[in-house]
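Counted the way the working numbering counts, the sequence shown spans residues 972 to 1162. Glycine included, C-beta positions come from ideal geometry on N, C-alpha and C. Just so you know, these numbers come straight off a predicted model, no measurement behind them.
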Amino acid sequence: MTDIMWDSEIYEKAADAGTPGSGPAAPSLADPRQLRNALGNFATGVVVLTYESGGEYYGITVNSFTSVSLDPPLVLVSMQRTSRSLTYLLERPFAVNVLGDDQLDTALHFAGKPQSRPVAWVEDGAAPRIGGSPAYFQCTPWAGYDGGDHVLVLGRVVSHGQRDDSSPLLFYRGQWSALAQESDDPEGRRP
């Protein structure tokens, strides 16, 4: 693990360096729902983090996932501090399963809305993973960092795989979505 190279003091100094009156007034942050709605305008992919505990397989749906480093190979997920899964992800191997647009039932299942379709578990790595996912990353815990009401969990990728014949499941403005279909129009106009 490495030392933290960023702190709130650096951020505060950068914010104080801005010129007052140089742009439109920022909206108040007093209403967290307004901030959440604004952040919802950034479309994200959907992943399920899976792990084993006591011989049982568990998972949690998240949409805060990103690559961090290729050397060493690191990925990051952002987990609410209140998540029961957080402790497990900080102490044992886990898999990041990128979900396809045909896996909405899987996303819902691990978001706390159990579905009748069984999960297709694959047991070929350090942690159980979900079969049929467009991509997966087997990880070991690397570090956890304070992220306000979340904890930023870095995982070191120990193996990965992908399928190129599927499209991702997306989350946008509080709704599940898929990529737009490609147009046959040579000028790229949409109907």
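- Annotation: the continuous beta strand (DSSP E) that includes leucine 1047 extends over 1044 to 1051.
- Note on threonine 1053: under 16 other CB atoms within 10 angstroms of its CB, so exposed under the neighbour-count rule.
- The beta carbon of glycine 1102 lies closer than 8 Å to those of Ala1091, Trp1092, Val1093 in the same chain, with the five residues before and after it left out.
- According to the DSSP assignment, aspartate 1117 belongs to the beta strand (DSSP E) that extends over 1106 to 1118.
- Following the DSSP letters along the chain, one finds leucine 1123 inside the beta strand (DSSP E) bounded by residues 1121 to 1133.
- CA-CA distance, glutamate 1023 to threonine 1111, rounds to 13 Å.
- The three-state reading of DSSP puts glutamate 1023 in strand, counting E and B together.
- With respect to the 8 Å criterion, glycine 1030 and serine 1138 are not classified as neighbours on the basis of their beta carbons.
- Within the segment 1065 to 1098, the complete alpha helix (DSSP H) runs of at least 4 residues fall at 1075 to 1081.
- In the DSSP annotation of this structure, leucine 1057 is not part of any beta strand (DSSP E); the continuous alpha helix (DSSP H) holding it starts and ends at 1057 to 1062.
- Nearest to glutamine 1109 by alpha-carbon distance, out of Asp1135, Leu1020, Gly1025, Gln1005, is Leu1020.
- The straight-line gap separating the alpha-carbon atoms of glycine 1132 and alanine 1097 is approximately 13 Å.
- Apart from sequence neighbours up to five positions away, the residues of its chain that approach histidine 1080 with a beta-carbon distance below 6 Å are Gln1086, ordered along the chain.
- Contact check for valine 1048 against valine 1067 passes: the beta carbons are separated by less than 8 Å.
- In terms of Cβ geometry, methionine 1050 and valine 1033 form a close pair [threshold 8 Å].
- Rounded to the nearest angstrom, the Cβ distance from valine 1046 to phenylalanine 1142 is 18 Å, too far for a contact under 8 Å.
- Rounded to the nearest whole angstrom, the C-alpha separation of proline 1105 and aspartate 1135 is 7 Å.
- If you draw a straight line from the Cα of leucine 1140 to the Cα of glutamine 1074, it is about 7 Å long.
- As the crow flies, the alpha-carbon of glycine 1083 is around 10 Å from that of threonine 1077.
- In this structure, the beta-carbon distance from valine 1128 to proline 1044 falls below 8 Å.
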